[in-house]
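**Q**
Number of protein chains: 2
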Amino acid sequence: MAGRPRSFDRGTALAAAVEQFWRTGYEGTSISALVRAMGITPPSLYAAFGDKAQLFGEVAEVYAARTLEGVDQACALPTVREAVARMLDDTARVHTDPGTPLGCLLLTEPRLDGQRDAVRRRLVDRIERGIADGDVPADVDAGALASFLVAVMRGMSGAARDGASAEEVHAVARTALAAVPAPPAPPAPPAP
Amino acid sequence: MAGRPRSFDRGTALAAAVEQFWRTGYEGTSISALVRAMGITPPSLYAAFGDKAQLFGEVAEVYAARTLEGVDQACALPTVREAVARMLDDTARVHTDPGTPLGCLLLTEPRLDGQRDAVRRRLVDRIERGIADGDVPADVDAGALASFLVAVMRGMSGAARDGASAEEVHAVARTALAAVPAPPAPPAPPAP
DNA sequence: CAACATCCGTAGTGATCGCTACAGAAAGAG
DNA sequence: CTCTTTCTGTAGCGATCACTACGGATGTTG
Numbered sequence: 002m003a004g005r006p007r008s009f010d011r012g013t014a015l016a017a018a019v020e021q022f023w024r025t026g027y028e029g030t031s032i033s034a035l036v037r038a039m040g041i042t043p044p045s046l047y048a049a050f051g052d053k054a055q056l057f058g059e060v061a062e063v064y065a066a067r068t069l070e071g072v073d074q075a076c077a078l079p080t081v082r083e084a085v086a087r088m089l090d091d092t093a094r095v096h097t098d099p100g101t102p103l104g105c106l107l108l109t110e111p112r113l114d115g116q117r118d119a120v121r122r123r124l125v126d127r128i129e130r131g132i133a134d135g136d137v138p139a140d141v142d143a144g145a146l147a148s149f150l151v152a153v154m155r156g157m158s159g160a161a162r163d164g165a166s167a168e169e170v171h172a173v174a175r176t177a178l179a180a181v182p183a184p185p186a187p188p189a190p191p192a193p
Numbered sequence: 002m003a004g005r006p007r008s009f010d011r012g013t014a015l016a017a018a019v020e021q022f023w024r025t026g027y028e029g030t031s032i033s034a035l036v037r038a039m040g041i042t043p044p045s046l047y048a049a050f051g052d053k054a055q056l057f058g059e060v061a062e063v064y065a066a067r068t069l070e071g072v073d074q075a076c077a078l079p080t081v082r083e084a085v086a087r088m089l090d091d092t093a094r095v096h097t098d099p100g101t102p103l104g105c106l107l108l109t110e111p112r113l114d115g116q117r118d119a120v121r122r123r124l125v126d127r128i129e130r131g132i133a134d135g136d137v138p139a140d141v142d143a144g145a146l147a148s149f150l151v152a153v154m155r156g157m158s159g160a161a162r163d164g165a166s167a168e169e170v171h172a173v174a175r176t177a178l179a180a181v182p183a184p185p186a187p188p189a190p191p192a193p
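So the sequences go chain by chain: W and G.
So for the first sequence, our numbering puts the first residue at 2; every next one is plus one.
So for the second sequence, our numbering puts the first residue at 2; every next one is plus one.
1) Can you name the residues of chain W whose CB is closer than 7 Å to the CB of residue 157 of chain G?
2) According to the neighbour-count rule (16 or more other Cβ atoms, all chains shown, within 10 Å of its Cβ), is residue 8 of chain G buried or exposed?
3) Hey, is the stretch 146 to 161 of chain W in contact with the stretch 88 to 104 of chain W, meaning 3+ C-beta pairs nearer than 8 Å?
4) Below 8 Å on the Cβ atoms is my contact criterion, and I expect residue 128 of chain G with residue 147 of chain G to pass it. Report the Cβ-Cβ distance as a whole number of Å.
5) Residue 108 of chain W to residue 47 of chain W, Cα distance in whole Å?
6) Count the other CB atoms, across all protein chains shown, that sit within 10 Å of the CB of residue 169 of chain G; report buried if there are 16 or more and exposed otherwise.
7) Starting from residue 173 of chain W, find everything on chain G with Cβ-Cβ shorter than 8 Å and list it in chain order.
8) Which residue from G:59, G:3, G:51, G:10 puts its Cα closest to that of residue 19 of chain G?
9) Output, in sequence order along the chain, the residues in the stretch 97 to 123 of chain W whose CB is closer than 7 Å to any CB in chain G.
10) Mapping DSSP to helix, strand and coil, what is residue 111 of chain G?
11) My assumption, with CB atoms under 8 Å, is that residue 97 of chain G sits in contact with residue 161 of chain G. Please give the rounded CB distance.
12) Quick one: what does DSSP say residue 169 of chain G is sitting in, helix, strand or coil?
13) Contact criterion: CB-CB distance below 8 Å. Does residue 176 of chain W meet it with respect to chain G?
14) Using DSSP with H/G/I as helix, E/B as strand and the rest coil, what is residue 128 of chain W?
15) Check each residue of the stretch 36 to 52 of chain G: if its Cβ is closer than 8 Å to any Cβ of chain W, include it; give the result in chain order.
16) For residue 174 of chain W, tell me which candidate among W:149, W:53, W:66 has the shortest Cα-Cα distance.
17) Taking 8 Å as the CB-CB limit, is residue 160 of chain G close to chain W?
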């Protein structure tokens, strides 16, 4: 029933494919570049992963899981402002990490608009919770703020790919935070 | 000394090339797609424009001139806040104009980072003038604010290409405006 | 008019694209 | 061991890539 086992580690090869697609995007990545990066031959790639589109689907799944985990960790912080600050800071750091390709696959790849919307939905939910919690003014448009944050992060990805330094990208993050409304005054604190 | 004149209008063909590159980017645009859009044959294209890269250079020149004209018009407004508001509003409108390709060629094409820096420099200059004029607080980091604005506009381009409505993209623009610091209090106005 | 310069379309260059037919190698099942 | 099953690499499929050689068409110039 069983035949010859595959001679490479599927997970390792997939990780190499993630890196390659991350660096050069879907259209910019050729099968020959993939097999070189993955250390396998074309028939092995097609046997193990289907075709280029299916392989990219698995790559996107891995990448999105990693990204959404970071988003969720940030969203777990007690206030929207803290969550957004953490998320923007993470974004700036990851996008300029010299150990990985610059920028973000999820934010830049045209065909991953569904994954981008998943991020946006999480942000909308978190902001609405912030409104309910009282740490965000009730007149804030959660959808607009979430779209804005996705736009800024996408812009940070582009800046990183243009060669902006980590400090420049962090400066964008800090500036964007000013667009997150300050919490409405809670019970007046004692004067200093 | 003169031979057969060319049978097509160079400017019209260039405009068609602008639209094609705008829609599908440099790498995503093939010569066959270009000649189809321009209504000419490959030898005519190569005779009139050199090669693909040179044609794209002319396309970028045309596109950047148009874009920078809009930027300069916005920058001519009396305050940084008005200039930024105008620029973001223009951006939202142009990026979602159903009469042209979605998004922005200048902001999305990887090889146009030089043109993006030209936009950024104009923004830095305008913000520094705003600081000198007193309509922007002196502690504002002009470079960071300019990078932020470029990032937001790039994000708006991506959102438009993802299919966001004109209203959604405009909402991003309005939200981003909140990151532009309010002018420092001028001579105290009479109480209402 | 003839001579010349330039452009036109056809047709095809070698290279690379995504993908696969094929035959041999390497494992478990009997 | 043999048989079966699956993976392996080589080698090559048709399509498309950017680009061009070539010969005929179409102008201006003398």
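A virtual CB, placed ideally from N, CA and C, is assigned to each residue, including glycine.
The model shown is predicted, which means the values in this text are computed figures rather than measured ones.
**A** Put simply:
1) By Cβ distance, chain W contributes 152.
2) By the Cβ neighbour-count rule, residue 8 of chain G is exposed, with fewer than 16 other Cβ atoms within 10 Å of its own.
3) In short, these stretches touch, since the Cβ pair count reaches three.
4) So it is a contact: roughly 6 Å between Cβ atoms.
5) Computed Cα separation, rounded: 27 Å.
6) When all chains shown are included, residue 169 of chain G counts as buried.
7) Under the 8 Å cutoff, chain G gives 145, 148, 149, 152.
8) Minimum Cα distance to residue 19 of chain G is reached at G:59.
9) Listed by position, the residues of the stretch 97 to 123 of chain W near chain G (Cβ gap below 7 Å) are 111, 114, 117.
10) The DSSP-derived three-state label of residue 111 of chain G is helix.
11) With a Cβ gap of about 5 Å, residue 97 of chain G and residue 161 of chain G count as contacting.
12) Shown here, residue 169 of chain G sits in a helix according to DSSP, grouped into three states.
13) Under the Cβ criterion of 8 Å, residue 176 of chain W is counted among the residues facing chain G.
14) In the structure shown, residue 128 of chain W sits in a helix (DSSP, three-state: H, G or I).
15) Taking 8 Å as the Cβ-Cβ cut-off against chain W, none of the residues of the stretch 36 to 52 of chain G qualify.
16) Closest option to residue 174 of chain W, Cα to Cα, is W:149.
17) Taking Cβ atoms only, chain W reaches closer than 8 Å to residue 160 of chain G, which makes this a yes.
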